[in-house]
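Protein chains: 2
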Amino acid sequence: MGGSSETSYAAKHTASAASQGTLNTDKLEEVKKLFTAHLENKGLRKTGERYAILEEIYARSGHFDVEELYAGMKERGLQVSRATVYNTLDLLVEQGLVSKHQFGRNLAQYEKSYGYRQHDHVICTECHKVVEFCDPRIHGIQTMVGELLNFHILHHSLNLYGICGDCRAQAAARSIPA
Amino acid sequence: MGGSSETSYAAKHTASAASQGTLNTDKLEEVKKLFTAHLENKGLRKTGERYAILEEIYARSGHFDVEELYAGMKERGLQVSRATVYNTLDLLVEQGLVSKHQFGRNLAQYEKSYGYRQHDHVICTECHKVVEFCDPRIHGIQTMVGELLNFHILHHSLNLYGICGDCRAQAAARSIPA
DNA sequence: ATCTATGCAAAGTTTTTGCAGCACG
DNA sequence: CGTGCTGCAAAAACTTTGCATAGAT
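In the order they appear, the protein sequences are chains A and B.
Each residue of the first sequence is one higher than the one before, counting from 61 in the numbering used here.
Each residue of the second sequence is one higher than the one before, counting from 61 in the numbering used here.
Printed below as a string of structure tokens:
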């Protein structure tokens, strides 16, 4: 078959962000406003810790787990407790500013999600590589199933599990030794 | 503490199985043969524990977690250790006779999967109800993405998260009190 | 007879919880 | 000023691991 283009969406994100330095800052401001609105709406307090966590998340690219986020903040001198990280992540996920993934291993992975194109994941079960992709048909399925089963669908998660080209090549090399 | 996810779709499976008493037994035999072939293929031992676990799984309907499976076996007098349950589940998942799901909470849920139609899940984030659905478009996406990204896709998991009709009705009733 | 799988319990991970004190509103 | 949030650490929840022994080949 034809040459397969390995377009990781992560790369695209970084590229578009790098091309315009202020874009990130603007986005952060927008997200902060949305978060503020959500907090006020639910009668929750606007604490510095919550905003610090939000900033750290939007400064990151790609997936991260709680420990990575916690360590990243510590390194930057933004000390918060794990309990607060968990608490705030729940708030952000609830609001949809952050999305939470569970890829196979029992380690929750998070990702900023405001203003980024809805995407899904292909996971290599051998090397645990994660590649993103987009398919408009999923939106259609989501809408149709919601109507059919009378659910108000808020978000979805589609993961394809398989073996990547690299791992298949390695396996082939091993089975045909010199 | 935790009420587990109630499986309302289970009725579907039980109904089709109940309509023909021997169907289940035949299926179990088929699955055992496949499992045996897989064990031989990998040079693994055919132990009674492994078959006992396979039987227990195929006697169940709907989703279950490791603890439920373990407890169910204990109740039937089939004593096996948790370590063996985990070990065997891994084998079965690897072979595709059982599928593993991670719905939001970090508690792995399993389900028998041989001879059952490939299906996906809608989860209510309020009451944790799980409903199954089927959409042929997913298969197309799977194939296309596999070719595009050069992955050999083995299985997928699509979860739609939202609020079910019952929970929306309850919420509406609360906001318009008598 | 050999070598792997089991069982048990202990250790490992990740997440949740309880309580004292600080801070937002 | 009062309630709710934070921080800390202890514990809970789920899974993995190590070692002695039973059992499949």
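A virtual CB, placed ideally from N, CA and C, is assigned to each residue, including glycine.
Computed from a prediction, not measured in an experiment: that's the story for all the values here.
My guess is that residue i and residue j are in contact by the Cβ rule of under 8 angstroms, so how many angstroms apart are they, rounded?
i      : j      : result
B/V224 : A/F211 : The residue asked about is misnamed: residue 224 of chain B is Cys in this sequence, not Val. So it is a contact: roughly 5 angstroms between Cβ atoms.
B/A168 : B/D125 : 6 angstroms
B/K93  : B/Y118 : Contact doesn't hold; Cβ gap of about 13 angstroms is too wide.
B/L157 : B/Y170 : Going by Cβ atoms, the distance from B/L157 to B/Y170 rounds to 11 angstroms, so no, they are not a contact pair.
B/N219 : B/H181 : 5 angstroms
A/Y130 : A/V145 : 5 angstroms
How big is the Cα-Cα spacing for residue i and residue j?
i      : j      : result
B/R23  : A/L214 : Because chain B is modelled from 61 through 238, residue 23 of chain B falls outside the range shown and cannot be assessed.
B/E100 : B/I183 : 38 angstroms
B/S159 : B/S173 : 6 angstroms
A/L138 : B/F95  : 52 angstroms
A/H179 : B/K106 : 42 angstroms
B/Y221 : A/H216 : 6 angstroms
B/R197 : A/G108 : 45 angstroms
B/G132 : A/E115 : 47 angstroms
A/A112 : B/E128 : 41 angstroms
A/A143 : B/A143 : 31 angstroms
A/Y176 : A/G122 : 11 angstroms
A/V191 : A/H199 : 19 angstroms
A/H98  : A/E90  : 12 angstroms
A/T185 : A/A231 : 13 angstroms
A/K134 : A/V140 : 8 angstroms
A/Q155 : A/R120 : 19 angstroms
A/N147 : B/N147 : 34 angstroms
B/R136 : A/L209 : 36 angstroms
A/A233 : B/N84  : 42 angstroms
B/G103 : B/R110 : 14 angstroms
B/L151 : A/L151 : 37 angstroms
Distance cutoff 7 angstroms, beta carbons only. Does residue i sit that close to anything in chain A?
i      : result
B/L138 : no
B/R142 : no
B/H161 : no
B/Q202 : yes
B/H98  : no
Are the C-beta atoms of residue i and some chain B residue less than 7 angstroms apart?
i      : result
A/G225 : yes
A/G222 : yes
A/D150 : no
A/H181 : no
A/N147 : no
A/F124 : no
A/N101 : no
A/R197 : yes
Could you check whether the stretch 191-206 of chain B touches the stretch 149-168 of chain B, counting it as contact only if at least three pairs of C-beta atoms, one from each stretch, sit closer than 8 angstroms? no
What are the uninterrupted segments assigned as alpha helix (DSSP H) that are 4 or more residues long and contained completely in the stretch 139-196 of chain A, given in chain order? 142-155
Entirely enclosed alpha helix (DSSP H) segments - the stretch 73-128 of chain A, minimum 4 residues: 81-101, 108-119
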